[in-house]
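Chains as they are written, first to last, in the numbering used here: chain A, 20 to 367; chain B, 20 to 367; chain C, 20 to 367.
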């Protein structure tokens with residue numbers, strides 16, 4: 020296994036085409052903060068599985084197209100090459116590429132919209148990273164969120180595109196909020212919470228994504244499950260729409276927050292775990308609030324709540340530069356831990 | 020009196036419990052930019068008076084609980100200790116603690132929501148202060164505003180919480196905007212404008228809060244009244260809903276702007292007073308615009324207009340670091356005044 | 020001609036009144052990134068023409084009043100004098116001055132609202148420039164956009180002001196989106212796209228504004244037409260409301276983006292032109308998305324889409340400080356071009 024990885028890394032260093040494929044493969048893995056082409060490949064398989072299972076193969080086509088267009092745009096704009104090679108310019112466009120065929124009806128113009136949207140996602144990634152750098156943060160998946168919101172809200176004004184989000188513009192508090200019945204099959208819900216990170220409603224896909232996490236970082240796989248379970252149970256307690264809960268729609272943002280705050284950007288530990296549990300609650304509250312804000316516009320929250328909650332959770336401790344690269348984070352943690360997290364734990 | 024103060028300060032330095040109580044007491048006073056535990060105590064009395072007068076004693080309970088949870092969270096997160104001792108981590112949570120039982124119905128889960136909200140207010144205070152520091156500003160009461168907006172908008176999606184803002188989601192311009200009749204008893208309205216800073220509708224509470232200002236800073240008490248009167252009269256002239264005007268709801272944001280811009284963050288003077296009067300108008304306009312934005316969501320503006328208007332008024336003169344501490348500001352002013360405000364006045 | 024210009028510049032240096040008139044005249048030209056009093060004068064003529072043609076002479080009065088009040092406010096606040104002389108404090112207030120009488124009904128209180136709004140525009144220009152400076156950007160016309168949004172949304176809550184935007188608050192997707200029939204007279208539409216930068220619906224005004232551009236910068240005039248044509252044709256392809264298209268309402272934001280990105284802030288060239296064409300599409304998409312966001316509030320997008328799109332397009336290449344002064348940009352380009360744009364073009 021390790022030899023295969025080394026062989027691939029060597030090929031990637033010598034062959035520009037392999038280097039490009041490698042950068043593309045790392046994109047889907049970077050959504051969940053993993054820098055590993057094999058994890059990315061498994062996640063693409065999970066997306067393909069979910070797309071075919073739900074009878075929407077074009078969603079997988081959109082994922083691949085978005086990934087390639089976003090990465091090519093980054094090359095054309097001559098971005099920082101190490102970041103490119105880590106897949107940091109692929110993770111938002113791959114999500115845009117999944118979202119557009121998921122939420123817009125199928126017709127040729129949709130594909131042009133997707134291509135322009137994937138290119139815009141890369142430009143917006145560069146733009147927002149420049150802004151967030153001021154506070155030692157990155158834009159996470161917010162470029163995908165912003166671009167997809169723009170594309171969906173824009174589509175309302177275009178006769179030749181139709182929005183199929185399944186939502187209807189209405190006032191918050193109105194309508195059958197509690198209509199859905201909840202199915203108490205909790206285990207598949209936890210897995211669907213993971214698959215919904217990629218807008219896929221399939222527990223099998225969720226399981227594959229967990230394996231993709233596991234082969235790169237056990238802590239990440241563990242915290243993904245903690246995030247999915249924590250947010251789902253809390254949402255159940257406060258009483259939400261059962262149908263959405265069943266689809267894992269209350270879990271996926273917390274999955275990302277839990278991986279980021281609990282496993283990748285801090286060294287896992289007792290205090291960090293407590294902070295992460297608090298962060299899961301914060302993510303859920305931001306999620307439902309954002310859902311209310313977007314109710315009159317009938318637009319899904321996407322991974323907006325994860326981004327907002329995680330920025331708020333990371334800003335107080337700005338020594339932890341959020342580096343979406345597991346390896347580099349480990350190194351950084353060695354030097355910063357003594358100054359920050361460690362004392363926090365010891366003194367208590 | 021002075022001896023009592025000194026004795027208290029000495030106790031606070033030696034006894035950690037007294038130190039904690041002292042930090043908590045300064046919280047409510049820091050809402051109106053005063054660093055004085057006695058002012059804070061008086062304001063808590065005013066909140067208690069208003070809560071009991073309006074038959075909602077749980078609002079006072081929420082205030083105390085929010086204050087304690089917010090301050091304890093700050094201690095757990097090991098914030099900067101001098102800021103903690105000045106009450107700078109108590110002033111937003113105390114408001115969150117008042118807002119939650121005011122706008123949500125009474126049931127056990129509401130208290131858990133309040134506790135998580137008060138803790139989140141402290142995290143968001145740290146987060147937003149880190150952001151606003153870039154421009155020499157602080158987040159003022161915006162962490163309270165943001166948290167409370169999130170909690171109220173989130174509650175729409177939770178079956179087990181009910182929003183009782185008295186507002187109904189609707190389109191702006193619709194509905195009985197001008198329904199309320201205006202009572203020309205202006206003096207109680209001015210006092211209610213002050214009490215509404217703490218979401219209390221009671222002229223007696225407003226009077227107590229003015230006394231709390233007076234014992235620490237006469238200029239602050241004066242500008243509080245100028246803000247309340249200015250915004251109320253301007254709103255009356257432009258023609259607003261009489262019922263809301265009567266409750267002091269058009270005054271409280273301008274009270275805060277006037278104290279901040281006119282009395283605390285600048286040295287009071289002719290030019291500063293003119294700028295403050297302009298600021299009161301700006302606060303009113305931002306208030307009504309924000310009310311329109313929030314109409315489809317049926318969420319109150321809270322102190323959002325004060326925060327937005329005051330940031331806009333302070334950003335042009337970035338030499339005036341907004342230090343929400345009367346004493347330190349006085350010192351700073353001695354050194355910066357010659358460079359900034361003074362020349363502004365002389366040359367004109 | 021050149022001698023007349025030199026004579027005027029000399030007068031302006033010696034006579035404070037001429038200096039003031041000169042600064043005011045440059046304001047309308049700076050909206051389209053030109054630093055030329057004659058261009059500004061021609062643009063005022065274009066605004067006057069459009070105002071009288073549409074039977075709304077008070078719009079021209081508002082333009083002049085806004086320009087003077089905004090510039091005087093800047094002098095009172097002792098802004099940076101070179102910026103003042105370049106008209107950089109006139110270009111947002113002149114637009115606020117046009118927008119208020121365009122969108123509010125005619126009565127004395129409207130003029131007070133306009134004066135306070137124009138003064139606020141200058142304060143907000145200073146405030147937002149202080150924020151955007153962090154990323155090497157300026158606020159462009161966003162102070163006008165923000166102020167006008169506040170004034171219009173505020174007016175909903177004031178009995179003594181009436182909003183006449185012609186829009187009705189509704190949910191996005193509802194209503195006769197496709198009602199308008201499109202008139203295939205493309206040439207007048209392109210010119211109206213230019214005139215709508217100043218909220219004027221008149222192809223003659225658009226032609227005059229193009230002449231105003233031409234006498235200062237041929238590239239700017241060319242890219243103004245490219246922006247108007249590009250956005251109009253793309254909107255036609257995707258299928259928008261024909262009536263709005265006919266009025267040039269889908270062109271004016273792209274006109275500004277194209278001038279900024281294609282002609283003024285970068286050295287015109289092949290790569291920059293491709294980036295500008297992409298930017299025109301991005302501006303259109305942001306435009307329709309923002310229109311959806313504002314649908315429940317019934318507020319026009321104004322030049323918001325240009326501001327947002329252009330910030331996003333400029334942030335990735337932060338070496339290009341956006342200096343809204345054609346002359347200085349030229350100088351800067353000489354030194355920065357070799358490092359940035361030039362290599363971008365050569366390597367490809």
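All C-beta atoms in this analysis are idealised placements derived from N, C-alpha and C, irrespective of residue type, glycine included. Fair warning: this is a prediction, and the values are worked out from it, not measured in the lab.
Discussion item. With three or more C-beta pairs closer than 8 Å as the rule, is the region 163-174 of chain A touching the region 306-323 of chain A?
Written reply: A contact exists between the region 306-323 of chain A and the region 163-174 of chain A.
Practice prompt. Just the C-alpha distance for residue 232/A and residue 170/B, rounded to the nearest angstrom, thanks.
Written response: Reading the first chain from its first residue, position 213 is the one you call residue 232/A. Reading the second chain from its first residue, position 151 is the one you call residue 170/B. Residue 232/A and residue 170/B have their C-alpha atoms some 33 Å from each other.
Worksheet item: Can you tell me whether DSSP reads residue 123/A as helix, strand or coil?
Response: The count along the first chain starts at 1 and reaches residue 123/A at position 104. Three-state DSSP puts residue 123/A in a strand.
Fill in: residue 287/B at chain C interface by Cβ criterion, 8 Å
Walking along the second chain from the start, residue 287/B turns up at place 268. No, its Cβ sits nowhere closer than 8 Å to a Cβ of chain C.
Worksheet item: Taking 7 Å as the line, does the beta carbon of residue 273/C fall inside it for any heavy atom of the ligand HEM?
Response: This structure simply doesn't include the ligand HEM, nor any ligand for that matter.
Discussion item. If you reduce the DSSP assignment to three classes, tell me which class residue 182/B lands in.
Written reply: Here residue 182/B refers to the residue found at position 163 of the second chain. Strand at residue 182/B.
Worksheet item: Can you tell me whether DSSP reads residue 212/C as helix, strand or coil?
Response: For the purposes of this step, residue 212/C is identified with residue 193 of the third chain, where counting begins at 1. Residue 212/C carries a helical assignment under DSSP once its states are collapsed to helix, strand and coil.
Item to complete: Please confirm if residue 172/B has its CB atom under 8 Å from at least one CB of chain A.
Response: Reading the second chain from its first residue, position 153 is the one you call residue 172/B. Closer than 8 Å: yes.
Worksheet item: Looking at chain C, which residues of the region 141-166 of chain B have a Cβ within less than 8 Å of any of its Cβ atoms?
Response: Listed by position, the residues of the region 141-166 of chain B near chain C (Cβ gap below 8 Å) are 153 and 154.
Worksheet item: In terms of residue numbering, what span does the alpha helix (DSSP H) encompassing residue 306/A cover?
Response: Counting from 1 along the first chain, the entry for residue 306/A is found at position 287. Counting along the chain, the alpha helix (DSSP H) containing residue 306/A begins and ends at 289-313.
Worksheet item: Using a Cβ-Cβ distance under 8 Å, would residue 304/C count as near chain A?
Response: As a first step, residue 304/C must be located in the third chain, where it is residue number 285. The Cβ of residue 304/C sits closer than 8 Å to at least one Cβ of chain A.
Discussion item. Considering only the alpha carbon of each residue, which of 146/C, 85/C and 152/C lies closest to residue 132/C?
Written reply: Mapped onto the third chain, residue 132/C falls at position 113. Looking at the Cα atoms, 85/C is the closest of the given residues.
Item to complete: Answer yes or no: does any C-beta atom of chain B fall closer than 8 Å to that of residue 279/A?
Response: To locate residue 279/A, count along the first chain from 1; it is residue 260. No Cβ of chain B is located within less than 8 Å of the beta carbon of residue 279/A.
Discussion item. Please tell me whether residue 311/A has its Cβ less than 8 Å away from any Cβ of chain B.
Written reply: Position 292 of the first chain holds residue 311/A. Yes - at least one Cβ of chain B is within 8 Å of the one on residue 311/A.
Discussion item. Using the Cβ count rule (16 or more neighbours within 10 Å means buried), how would you classify residue 249/C?
Written reply: The count along the third chain starts at 1 and reaches residue 249/C at position 230. Under the 10 Å beta carbon count, residue 249/C is surrounded by 16 or more other beta carbons and is classified as buried.
Worksheet item: When the Cβ atoms of the region 250-267 of chain C are set against those of the region 178-195 of chain A, are three or more pairs found closer than 8 Å?
Response: A contact between stretches requires three or more CB pairs, one per stretch, nearer than 8 Å, and the region 250-267 of chain C meets this requirement with the region 178-195 of chain A.
Discussion item. Report the CB separation of residue 212/B from residue 251/B in whole angstroms; it is logged as a contact under 8 Å.
Written reply: For the purposes of this step, residue 212/B is taken as residue 193 along the second chain, with counting starting at 1. For the purposes of this step, residue 251/B is taken as residue 232 along the second chain, with counting starting at 1. Rounded, the Cβ-Cβ distance is 6 Å, consistent with contact.
Worksheet item: What is the DSSP secondary structure of residue 109/C, reduced to helix, strand or coil?
Response: In the third chain, counting from the first residue as 1, residue 109/C sits at position 90. Reduced to three states, the DSSP call for residue 109/C is coil.
Practice prompt. Compare the C-beta of residue 10/B with all C-beta atoms of chain A and state if any pair is closer than 8 Å.
Written response: Only positions 20 to 367 of chain B appear in the structure, and residue 10/B is not among them; the question remains open.
Discussion item. Looking at chain B, is there any beta carbon in it that lies within less than 8 Å of the beta carbon of residue 203/C?
Written reply: By one-based count along the third chain, residue 203/C stands at place 184. Closer than 8 Å: no.
Worksheet item: For residue 358/C, does the three-state DSSP call read helix, strand or coil?
Response: As a position in the third chain, residue 358/C is number 339, starting the count at 1. Bear in mind that the predicted position of residue 358/C carries a pLDDT of just 32, short of 50, making it unreliable; the figure below should be weighed with that in mind. Coil at residue 358/C, not helix or strand.
Worksheet item: At least one CB of chain B closer than 8 Å to the CB of residue 259/A: is that the case?
Response: Start at 1 with the first residue of the first chain, and residue 259/A comes out as number 240. Taking Cβ atoms only, chain B reaches closer than 8 Å to residue 259/A, which makes this a yes.
Worksheet entry | Within chain C, partners of residue 331/A - CB distance below 9 Å | Here the question's residue 331/A lines up with position 312 in the first chain. Here the premise fails: no neighbours, minimum Cβ distance about 20 Å.
Worksheet item: Using the rule of at least 16 other Cβ atoms within 10 Å of the residue's Cβ for burial, across every protein chain shown, is residue 205/B buried or exposed?
Response: Mapped onto the second chain, residue 205/B falls at position 186. Exposed, because fewer than 16 other Cβ atoms sit within 10 Å of the Cβ of residue 205/B.
Worksheet item: If you count every other CB in all the chains shown that lies within 10 Å of the CB of residue 289/C, and 16 or more means buried, which is it?
Response: Taking the third chain and counting its residues from 1, the one referred to as residue 289/C is at position 270. By the Cβ neighbour-count rule, residue 289/C is exposed, with fewer than 16 other Cβ atoms within 10 Å of its own.
Item to complete: Can you say whether residue 187/C is buried or exposed, counting buried as having 16 or more other CB atoms within 10 angstroms of its CB?
Response: As a first step, residue 187/C is located in the third chain; it is residue number 168 there, counting from the start. Exposed, since its Cβ has fewer than 16 Cβ neighbours within 10 Å.
Fill in: Own chain partners of residue 218/B with C-beta closer than 7 Å, once the 5 adjacent residues on each side are dropped
For the purposes of this step, residue 218/B is taken as residue 199 along the second chain, with counting starting at 1. Listed in chain order, the non-local C-beta contacts of residue 218/B below 7 Å within the same chain comprise 117, 118 and 121, local neighbours out to five positions each way being set aside.
Fill in: C-beta neighbour in chain B for residue 300/A, strict 8 Å
Locating residue 300/A in the first chain gives position 281, where the first residue counts as 1. So yes, residue 300/A belongs to the interface.
Practice prompt. Under 8 Å by Cβ, that's how I've got residue 305/C and residue 281/C pegged, so tell me the actual separation to the nearest angstrom.
Written response: Residue mapping note: residue 305/C aligns to position 286 of the third chain, counting from 1. Residue mapping note: residue 281/C aligns to position 262 of the third chain, counting from 1. A Cβ-Cβ distance of about 17 Å is found for the pair residue 305/C and residue 281/C, leaving them out of contact under the 8 Å criterion.
Worksheet item: What residues of chain C sit near residue 315/A, judged by a beta carbon separation below 9 Å?
Response: Within the first chain, the letter at position 296 stands for residue 315/A. For a Cβ distance threshold of 9 Å, residue set 190, 191, 314 and 315 of chain C lies close to residue 315/A, ordered along the chain.
Worksheet item: How long is the line joining the alpha carbons of residue 24/B and residue 140/C, rounded to whole angstroms?
Response: Within the second chain, numbered from 1, the residue matching residue 24/B stands at position 5. Within the third chain, numbered from 1, the residue matching residue 140/C stands at position 121. One C-alpha to the other measures close to 46 Å.
Discussion item. On the DSSP letters alone, give me the boundaries of the alpha helix (DSSP H) that residue 91/A sits inside.
Written reply: Counted from its first residue, the first chain places residue 91/A at position 72. Counting along the chain, the alpha helix (DSSP H) containing residue 91/A begins and ends at 76-95.
Fill in: CB contact below 8 Å: residue 335/B versus chain C
To locate residue 335/B, count along the second chain from 1; it is residue 316. Cβ-Cβ to chain C under 8 Å: yes for residue 335/B.
Worksheet item: Does the beta carbon of residue 231/B come closer than 8 Å to any beta carbon on chain C?
Response: Working through the second chain from its first residue, we reach residue 231/B at position 212. False, the Cβ-Cβ gap to chain C never drops below 8 Å.
Fill in: C-beta neighbour in chain C for residue 250/B, strict 8 Å
For this step, residue 250/B is matched to residue 231 along the second chain. No, residue 250/B lies away from the interface with chain C (no Cβ there is under 8 Å from its Cβ).
Item to complete: Answer with buried or exposed for residue 271/C, where buried requires no fewer than 16 other C-beta atoms within 10 angstroms of its C-beta.
Response: Here residue 271/C is taken as the residue at index 252 of the third chain, counted from 1. Buried is the call here.
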